[in-house]
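Contents: one structure, followed by commentary.
Residue numbers (this note's numbering): -3 to 193.
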């Protein structure tokens, strides 16, 4: 439901014609002309549906069966990893009768995602019409993992006769990350040069 995108581009105030080190000769040439950039993305978690096996519904393949919600409110626990569920798994039960489940579609949200990409640019003039731009880019600068939604098939939940959990078999837990438009989720560093004329 919420998404924020923010960009920053700032030319550092060093070197010829700038506020600092404007008349320092060689040092001015080294530190001058650098530009830093940043792109921040922050968004709420993605919605997901708690499902159940559609075998009891006998409605054929392709039928999406939701789970039965047995608690009025579903507590978000915020756990990450195979031993800590993201939400209270006892709030749902598998559908065992010839009926649709009573929970809604996309009623829960997964983990929020925050990502920061940064870069540093510098232009070097070779002649009047020729320039080389040197770039250093860091994608996912903070190396923050972006977690996927939890496994949401309540039919994997196994209960004891007294209603306590025997085994979750992955139900309600998060064990993977998702990509945010790149091939990998971890930090990526890129060095590049662009020649313009």
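No residue lacks a Cβ here, since even glycine has one placed at the ideal position from N, Cα and C.
This one's a predicted model, so the numbers in the text were calculated from it and none came from an experiment.
Check this for me: beta carbons of residue i and residue j, under 7 Å apart or not?
{"i": "residue 11", "j": "residue 34", "result": "no"}
{"i": "residue 81", "j": "residue 168", "result": "yes"}
{"i": "residue 146", "j": "residue 174", "result": "no"}
{"i": "residue 40", "j": "residue -3", "result": "yes"}
{"i": "residue 99", "j": "residue 63", "result": "yes"}
{"i": "residue 187", "j": "residue 132", "result": "yes"}
{"i": "residue 120", "j": "residue 189", "result": "no"}
Buried or exposed for residue i, please, with buried defined as at least 16 other CB atoms from any protein chain shown within 10 angstroms of its CB.
{"i": "residue 3", "result": "exposed"}
{"i": "residue 143", "result": "buried"}
{"i": "residue 88", "result": "buried"}
{"i": "residue 83", "result": "buried"}
{"i": "residue 104", "result": "buried"}
{"i": "residue 95", "result": "exposed"}
{"i": "residue 0", "result": "exposed"}
{"i": "residue 153", "result": "buried"}
In terms of residue numbering, what span does the beta strand (DSSP E) encompassing residue i cover?
{"i": "residue -2", "result": "Careful: residue -2 lies outside any beta strand (DSSP E) and carries neither H nor E."}
{"i": "residue 34", "result": "30 to 39"}
{"i": "residue 116", "result": "109 to 123"}
{"i": "residue 187", "result": "184 to 192"}
{"i": "residue 163", "result": "161 to 163"}
{"i": "residue 129", "result": "126 to 135"}
Express the C-alpha separation of residue j and residue i in angstroms, rounding to a whole number.
{"i": "residue 66", "j": "residue 49", "result": "17 Å"}
{"i": "residue 97", "j": "residue 37", "result": "36 Å"}
{"i": "residue 165", "j": "residue 128", "result": "56 Å"}
{"i": "residue 136", "j": "residue 110", "result": "9 Å"}
{"i": "residue 106", "j": "residue 44", "result": "7 Å"}
{"i": "residue 61", "j": "residue 47", "result": "6 Å"}
{"i": "residue 162", "j": "residue 156", "result": "5 Å"}
{"i": "residue 122", "j": "residue 79", "result": "59 Å"}
{"i": "residue 151", "j": "residue 91", "result": "8 Å"}
{"i": "residue 181", "j": "residue 19", "result": "44 Å"}
{"i": "residue 116", "j": "residue 72", "result": "39 Å"}
{"i": "residue 183", "j": "residue 118", "result": "22 Å"}
{"i": "residue 113", "j": "residue 134", "result": "6 Å"}
{"i": "residue 6", "j": "residue 102", "result": "40 Å"}
{"i": "residue 26", "j": "residue 77", "result": "47 Å"}
Do we get a CB-CB distance below 7 Å when we pair residue i with the residues of chain D?
{"i": "residue 168", "result": "Absent from the structure is chain D; it holds one protein chain and no more."}
Check whether the Cβ of residue i lies closer than 6 Å to any heavy atom of the ligand NAD, and answer yes or no.
{"i": "residue 184", "result": "Summarising the ligand content, the structure contains no ligands, and the ligand NAD is consequently not present."}
So what does residue i bridge to, in DSSP terms?
{"i": "residue 6", "result": "32"}
{"i": "residue 105", "result": "43"}
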